[in-house]
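Report on the structure given below.
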Amino acid sequence: MFRALSITIVCVLVCGTFTDSPFAVEIQNEHKATLRVDASANCLFMTQKVTPAKHATKLQLRRGYEYRVTAEGNAYFSPQTGKDADRVPGVFVMYCMAHEVGHATRVEVLFPGKQLRFQTPNAESINSEQVFIYAFIVDYWDASENHGGFNLNVVGKPVGSGKSEDE
Numbered sequence: 001m002f003r004a005l006s007i008t009i010v011c012v013l014v015c016g017t018f019t020d021s022p023f024a025v026e027i028q029n030e031h032k033a034t035l036r037v038d039a040s041a042n043c044l045f046m047t048q049k050v051t052p053a054k055h056a057t058k059l060q061l062r063r064g065y066e067y068r069v070t071a072e073g074n075a076y077f078s079p080q081t082g083k084d085a086d087r088v089p090g091v092f093v094m095y096c097m098a099h100e101v102g103h104a105t106r107v108e109v110l111f112p113g114k115q116l117r118f119q120t121p122n123a124e125s126i127n128s129e130q131v132f133i134y135a136f137i138v139d140y141w142d143a144s145e146n147h148g149g150f151n152l153n154v155v156g157k158p159v160g161s162g163k164s165e166d167e
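The sequence shown begins at 1 in our numbering and counts up by one.
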């Protein structure tokens, strides 16, 4: 009985990856996360000298994974939400992707209802800390009363693991 229990524990440690919770186990190496981009807290103003790292929200990604990122939600540059609202059209997404010469950094605007697909580099020459996704909103006026936000749903699977979720 004790031997079977220790084999089960070893199997969980080998087959799964622990997340922040000591009891949460990730099955089949899938990487899922929701990244919240707040229109006020995660906004970079063009009139200020700040880097994305100061205000952006960040998610560490895994090397050698194919990721699909979708956006949902509403954000505004003004206090209104009706027909007079100054709607934020999308969220800036900066990420590291595989490239024929190693890896590259890309920045794109992701609109709600659209998706972004990319593969992270698998090369040992890149530190795993360099494989991430930053998300932020850009505004030109630092006195804006931004509110609302976007949720980015991030789903990653190891390259070559089979069909993607929507196939």
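Using N, Cα and C, we set each Cβ at its ideal position, and we do this for glycine too.
Bear in mind the structure is a predicted one, so any value in this text is a computation, not a measurement.
Top-ranked residue by Cα proximity to residue i, from the options
i, options, result
"residue 54", "97, 79, 134 and 66", "134"
"residue 56", "70, 92, 65 and 119", "92"
"residue 50", "160, 144, 151 and 139", "139"
"residue 48", "108, 142, 68 and 36", "142"
"residue 39", "86, 68 and 69", "86"
"residue 71", "147, 145 and 136", "136"
"residue 168", "68, 66 and 144", "Since the first residue of the chain shown is 1 and the last is 167, residue 168 is not available in this structure."
"residue 61", "132, 157, 154 and 151", "132"
"residue 120", "110, 67 and 35", "67"
"residue 122", "73, 65 and 109", "65"
Sheet register partners of residue i (DSSP bridge)
i, result
"residue 57", "135"
"residue 118", "67"
"residue 102", "99"
"residue 52", "Answer by DSSP bridge pairing: none, since residue 52 is not bridged."
"residue 154", "33 and 69"
Three-state secondary structure assigned by DSSP to residue i
i, result
"residue 80", "coil"
"residue 129", "helix"
"residue 112", "coil"
"residue 89", "coil"
"residue 29", "helix"
"residue 107", "strand"
"residue 39", "coil"
"residue 21", "Confidence is the limiting factor: at residue 21 the pLDDT is only 32, short of 50, which leaves the residue's position unreliable and the question unanswerable from this model."
"residue 47", "coil"
"residue 146", "coil"
"residue 123", "coil"
Local Cβ density within 10 Å of residue i, reported as buried at 16 or more and exposed below that
i, result
"residue 63", "buried"
"residue 82", "exposed"
"residue 160", "exposed"
"residue 107", "exposed"
"residue 42", "buried"
"residue 146", "buried"
Okay, do the region 74 to 90 and the region 108 to 116 touch, 3+ Cβ pairs below 8 Å being the bar? yes
Taking 8 Å as the threshold, find out whether the region 93 to 101 comes into contact with the region 73 to 85 through three or more Cβ pairs. no
Taking one C-beta from the region 29 to 41 and one from the region 99 to 109 each time, how about it: are there three or more such pairs within less than 8 Å? no
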